[in-house]
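Some notes on the structure that comes next.
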Amino acid sequence: TGLASLVAARAGAEVTHVDASKKAIGWARENQEMAGLGSKPIRWIVDDAVKFAEREERRGSRYDIILFDPPAYGRGPKGEVWQLFEDLPDLTDLCRAILTPKPLAVVLTAYSIRASFFAIHALMRDTFAGMGGKVESGELIIREKSAGRALSTSLFSRWVAE
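Rendered as structure tokens:
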């Protein structure tokens with residue numbers, strides 16, 4: 008949907024949004040227009056996120072904040088295969104490599120709850136060690152109205168500069 012990118016753009020950020028799905032990018036662009044944010048600076052890029060981040064590293068492009076929401080499993084536009092538990096460590100390393108010298112935050116959400124949030128917490132803690140800041144992790148939940156039960160929807164982890 009591009010929601011996080013739209014929120015960031017509305018707050019004044021220059022946004023680069025990467026998704027391997029042309030359909031998802033089209034939907035996000037429509038949402039940008041419907042939200043009245045057509046003039047906000049958002050680069051919509053259809054690409055494999057790992058390949059994009061590798062190119063950005065080679066180019067010397069740097070980012071203050073990175074939000075990433077990889078799928079549990081997916082295919083890139085050229086047939087690249089993504090598997091969360093196998094590929095997430097490399098993508099997280101690439102995210103660190105393309106941060107500015109004084110970054111603000113890195114936020115990861117993972118809608119594959121085959122693992123506990125401790126696994127992504129350890130990954131983020133290890134990846135961003137030595138950068139100062141802190142790592143916070145947990146589960147995103149919705150509360151069932153009738154019985155008040157917490158229903159897990161995804162995992163999250165974020166590194167935030169102090």
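Residue numbering for the sequence shown is 8 to 169, as defined by the numbering used here.
For every residue, glycine included, the Cβ atom is placed at its ideal position computed from N, Cα and C.
None of the values given here were measured: they were computed from a predicted structure.
Could you please give the first and the last residue of the uninterrupted beta strand (DSSP E) stretch that includes residue i?
i, result
"residue 26", "22-26"
"residue 143", "141-150"
"residue 162", "157-167"
"residue 112", "112-117"
"residue 50", "49-53"
Once the 5 residues before and after residue i are set aside, which same chain residues still bring their CB inside 6 Å of it?
i, result
"residue 164", "115, 127, 128, 131 and 144"
"residue 47", "16"
Can you look up residue i in the DSSP assignment and give me helix, strand or coil?
i, result
"residue 105", "coil"
"residue 33", "helix"
"residue 11", "helix"
"residue 98", "helix"
"residue 16", "helix"
By Cβ distance, which residues of its chain are closer than 7 Å to residue i, with the 5 residues on each side in sequence left out?
i, result
"residue 11", "74"
"residue 104", "64"
"residue 23", "50 and 52"
"residue 149", "158 and 160"
"residue 134", "99, 100 and 103"
"residue 96", "130"
Using a Cβ-Cβ cutoff of less than 8 Å, which residues in the same chain neighbour residue i once the five nearest sequence positions on both sides are dropped?
i, result
"residue 72", "15, 20, 110, 111, 112, 113 and 114"
"residue 36", "9 and 51"
"residue 45", "39"
"residue 91", "77, 78, 79, 80, 117 and 119"
"residue 34", "8 and 9"
Could you give the first and the last residue of the continuous alpha helix (DSSP H) run that contains residue i?
i, result
"residue 58", "56-66"
"residue 134", "124-134"
Between residue i and residue j, how many whole angstroms is the CB-CB distance? I'm expecting something under 8 Å.
i, j, result
"residue 140", "residue 167", "5 Å"
"residue 101", "residue 57", "7 Å"
"residue 106", "residue 69", "6 Å"
"residue 151", "residue 162", "About 19 Å; that fails the 8 Å criterion."
Quickly, what does DSSP pair residue i with across the bridge? List them, please.
i, result
"residue 80", "90"
"residue 70", "106"
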